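One structure is given here, and the rest of the page talks about it.
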Amino acid sequence: MTVTSLAPLSQRNSRQHDAARRQPSSVKLEQARRAAGRARRLQGDRVDGRVIEVLPALSGLLPGGGLAPGATYAVSGSTALAAALIAEPSTRGMWCGVVAMPGFAAEGAAGLGCDLDRLIFVPHPGREWVNIAAALVDALAVVVVKPQGRVSDAEAARLSARLRQREAVLIACGEWPRADVRLSVTATVWHGLGRGHGHLTARRADVAVSARGQRLSTASIWLPDARGQIALVDGMQAAHGEPLHESLLDEAVG
0 MTVTSLAPLS
10 QRNSRQHDAA
20 RRQPSSVKLE
30 QARRAAGRAR
40 RLQGDRVDGR
50 VIEVLPALSG
60 LLPGGGLAPG
70 ATYAVSGSTA
80 LAAALIAEPS
90 TRGMWCGVVA
100 MPGFAAEGAA
110 GLGCDLDRLI
120 FVPHPGREWV
130 NIAAALVDAL
140 AVVVVKPQGR
150 VSDAEAARLS
160 ARLRQREAVL
170 IACGEWPRAD
180 VRLSVTATVW
190 HGLGRGHGHL
200 TARRADVAVS
210 ARGQRLSTAS
220 IWLPDARGQI
230 ALVDGMQAAH
240 GEPLHESLLD
250 EAVG
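Going by numbering that gives the first Met the number 0, the sequence shown opens with residue 0, and the numbers climb by one from there.
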């Protein structure tokens, strides 16, 4: 959804997109605060300290089996993984935000299971991107943000305190100081293309998870599989798949 009208991402048009880009950062911050207030009223009570459930294929990767209210997650190597993490919360009625990601693919996110009607989208936050993320944290269950520069330890500490107070979750697509959990896509293999022909049908990703510098788990997941689902790669699939090259395509499709 856009920060100005709360219209679904699927209904965005280029004129709205360009107008949002040109607005001063202070205006965008105020709009984000108003949108967050409306989302808070629509959402009602949030998770009250419970773990926020994620898709089954991702639950085994995360400490506690889901997203912990008050925690910060840093995701590297794939925006699709970040989108997959908000799929289950959004379909369960929780509101989520996406900040500073103008290339966020609405159709791809919907295909991964995201409810676009539960997203607030701020594609061009400008210099106020940290404050806009903080404003959304006040009202939404999960906020995804792509850092627009180096985040200081002080900024990260202030936002972490806000997350704990509001029992919200921050997912940073990129480096974030003192992140509680880090998820890194270490390798990507595409399936579906033959020798210069065919269609991409599935993407296999190796994901490593660490917390406070300690590696917790690794797994291969379909992101997505040939049916468009997020799923674990079983041993037979890993052994007998027909891998393609690692992805120069990753930036194109997330």
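Every residue gets a Cβ at the ideal spot worked out from N, C-alpha and C, and that includes glycine.
Predicted model only: the values in this text are computed from it and were never measured.
Exposed or buried, residue i, counting other C-beta atoms within 10 Å across all chains shown (16 or more means buried)?
i	result
residue 151	exposed
residue 96	buried
residue 8	Bear in mind that the predicted position of residue 8 carries a pLDDT of just 43, short of 50, making it unreliable; the figure below should be weighed with that in mind. Looking at its Cβ environment, which holds 16 or more other Cβ atoms inside 10 Å, residue 8 is buried.
residue 127	buried
residue 76	buried
residue 153	exposed
residue 243	With a pLDDT of 41 at residue 243, under the threshold of 50, the modelled position of that residue is not reliable, and no figure is offered here.
residue 30	buried
residue 203	buried
residue 251	With a pLDDT of 35 at residue 251, under the threshold of 50, the predicted position of this residue should be treated as unreliable, though the coordinate-derived value follows. Flag for residue 251 reads exposed.
residue 49	exposed
residue 156	exposed
From the DSSP output, which residues share a beta bridge with residue i?
i	result
residue 52	65
residue 205	186, 219
residue 113	None; residue 113 has no bridge partner.
residue 210	213
List the whole-angstrom C-beta distance separating residue i from residue j, where the pair is believed to meet the contact cut-off of C-beta under 8 Å.
i	j	result
residue 93	residue 140	4 Å
residue 74	residue 170	6 Å
residue 172	residue 142	Actually they are not in contact, since the Cβ atoms of residue 172 and residue 142 sit about 11 Å apart, beyond 8 Å.
residue 220	residue 111	Rounded, the Cβ-Cβ distance is 12 Å, inconsistent with contact.
residue 215	residue 62	6 Å
residue 114	residue 78	Contact doesn't hold; Cβ gap of about 18 Å is too wide.
residue 98	residue 135	7 Å
Starting from the Cα of residue i, find the closest Cα among the options and give me that residue.
i	options	result
residue 138	157, 118, 149, 154	118
residue 188	232, 30, 104, 114	232
residue 175	146, 184, 129, 157	146
residue 217	166, 157, 106, 205	205
residue 106	82, 185, 56, 186	82
residue 72	120, 201, 225, 207	207
residue 160	178, 148, 59	178
residue 190	224, 166, 51	224
residue 212	66, 109, 181, 59	181
**Prompt:** Which whole runs of the alpha helix (DSSP H) in the region 120-190 are 4 residues long or more, in chain order?
**Reply:** Given a length threshold of 4 residues, each whole run of the alpha helix (DSSP H) inside the region 120-190 is given here in chain order: 128-136, 152-165.
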